[in-house]
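Numbering follows our numbering, in which position 211 of the sequence shown is assigned residue number 213; successive positions increment by one, without gaps.
C-beta atoms are modelled at their ideal positions from N, C-alpha and C, and glycine is treated no differently.
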Amino acid sequence: IPTEYTEELFNSNYEGFVESLKSDGIKEKTVRDIITMALIRQEVWEAVTADVDQTQEQVWVQHILLADEETALEVLEKLAAGEKFEDLAAEYSSDLSNADSGGDLGWFARGQMVAPFEEAAFALETGEISDPVQTDFGWHILKSNGKEDRLLDNNAYEQLRNQVFSDWFAEKEAQYQPEIHENWAKYVPSEPSLPANYLAYIQTLSQAQPALPTESPQE
3 IPTEYTEELF NSNYEGFVES LKSDGIKEKT VRDIITMALI RQEVWEAVTA DVDQTQEQVW
63 VQHILLADEE TALEVLEKLA AGEKFEDLAA EYSSDLSNAD SGGDLGWFAR GQMVAPFEEA
123 AFALETGEIS DPVQTDFGWH ILKSNGKEDR LLDNNAYEQL RNQVFSDWFA EKEAQYQPEI
183 HENWAKYVPS EPSLPANYLA YIQTLSQAQP ALPTESPQE
């Protein structure tokens, strides 16, 4: 049975929290400023990403990951000769997370894979196999099993919204070159050290998303 949380109890707990901050040399205003910026950041995130549709064009792809282009071309020749993609993935792919399942990556939308891989995946027609594609992970051969508009799961949707926000923020940062203030940093003492739980909390608030400028520029 839920316990009623009264205003009186809240105030009592808050006063205790403030006293614990003071005992560690942390001003109440400092924490209020950090929390205020975190709330502003969240409001801006919500506004910027509000129009991101949860239904996105997605592709269903299998891949074989190779260490070098020479081996990738060798595998491509075997595919052209009629060998099965699944068999070659099991034999050659260094992506052990899916080699035994034919290199199946399932459905994914834009923004979920590294750029060269994503570009190749969305350029393929259903049933088509790509030329070798180089990424930081190695050389990939891709096979498309489909392309259609599909509903993103909640995790993928949040990932997409975060990417949209990051792209928006990078654009604004380059345009306005705002001065960024890491307000919490100057309050971290060297001796005695800040209690780990407070430091972790402050760092989480500060680093969870890109810091916002002290004054948001007008559109």
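Simplified DSSP assignment, three categories, for residue i
i       : result
Gly-148 : strand
Asp-26  : coil
Phe-110 : strand
Leu-214 : Legend: pLDDT at Leu-214 = 47, less than 50; position of this residue unreliable, value from coordinates given subsequently. Leu-214: coil per DSSP, three-state reduction.
Gly-18  : helix
Glu-221 : In this prediction, Glu-221 scores a pLDDT of 41, lower than 50, which makes its location untrustworthy; the coordinate-derived value is nonetheless stated afterwards. Three-state DSSP puts Glu-221 in coil, outside helix and strand.
Leu-228 : Here the chain comprises residues numbered 3 to 221, so residue 228 is not present and cannot be evaluated.
Ile-182 : coil
Leu-78  : helix
Leu-126 : coil
Close Cβ partners of residue i (< 8 Å) along its chain, the five nearest in sequence each way excluded
i      : result
Thr-73 : Tyr-94 and Trp-141
Glu-68 : Note that residue 68 is Leu in the sequence shown here, rather than Glu. Answer for Leu-68: Ala-74, Val-77, Tyr-94, Ser-95, Ser-96, Pro-134, Gly-140, Trp-141, His-142 and Ile-143, listed in chain order.
Val-20 : Glu-30
Contacts around residue i, its chain only, beta-carbon distance under 6 Å, and the 5 residues preceding and following it disregarded
i       : result
Ala-101 : Ala-91, Ala-92 and Ser-95
Gly-222 : Outside the shown range of the chain, which is 3 to 221, sits residue 222, and nothing can be said about it.
Thr-137 : Val-116, Pro-118 and Phe-119
Phe-12  : none
Asn-15  : none
Euclidean distance between Cα positions of residue i and residue j
i       : j       : result
Thr-226 : Leu-153 : For residue 226 there is no data in the structure shown, the boundaries of the chain being 3 and 221.
Ala-158 : Ile-37  : 27 Å
Val-1   : Phe-167 : The first residue shown for the chain is 3 and the last is 221, placing residue 1 beyond what the model contains.
Asp-70  : Gln-161 : 31 Å
Tyr-7   : Glu-17  : 15 Å
Phe-124 : Asp-169 : 20 Å
Leu-98  : Glu-175 : 39 Å
Glu-10  : Ala-49  : 34 Å
Ala-40  : Gly-84  : 56 Å
Ile-28  : Pro-180 : 27 Å
Ile-182 : Ser-146 : 44 Å
Phe-171 : Ser-25  : 37 Å
Span of the beta strand (DSSP E) around residue i
i       : result
Lys-59  : Here the sequence assigns Glu to residue 59, which means Lys is not the residue at that position. Taken as a continuous stretch (DSSP letters only), the beta strand (DSSP E) holding Glu-59 covers 57-68.
Gln-136 : 135-137
Residues near residue i by beta carbon distance below 7 Å, same chain, minus five either side
i       : result
Gln-114 : Ala-158 and Gln-161
Ser-132 : Ala-122, Leu-126, Ile-143 and Leu-144
Leu-23  : Glu-30 and Val-33
Lys-80  : Leu-90
Val-54  : Leu-162, Arg-163 and Val-166
The alpha helix (DSSP H) enclosing residue i, as first and last residue numbers
i       : result
Tyr-94  : 87-94
Leu-162 : 156-178
Assumed close pair residue i, residue j - CB separation to whole angstroms, cut-off 8 Å
i       : j      : result
Gly-104 : Glu-88 : 4 Å
Trp-109 : Gln-60 : 5 Å
Arg-112 : Gln-58 : 7 Å
Cβ of residue i within 8 Å of any chain B Cβ
i       : result
Thr-128 : Absence of chain B from the displayed structure is noted, only one protein chain being present.
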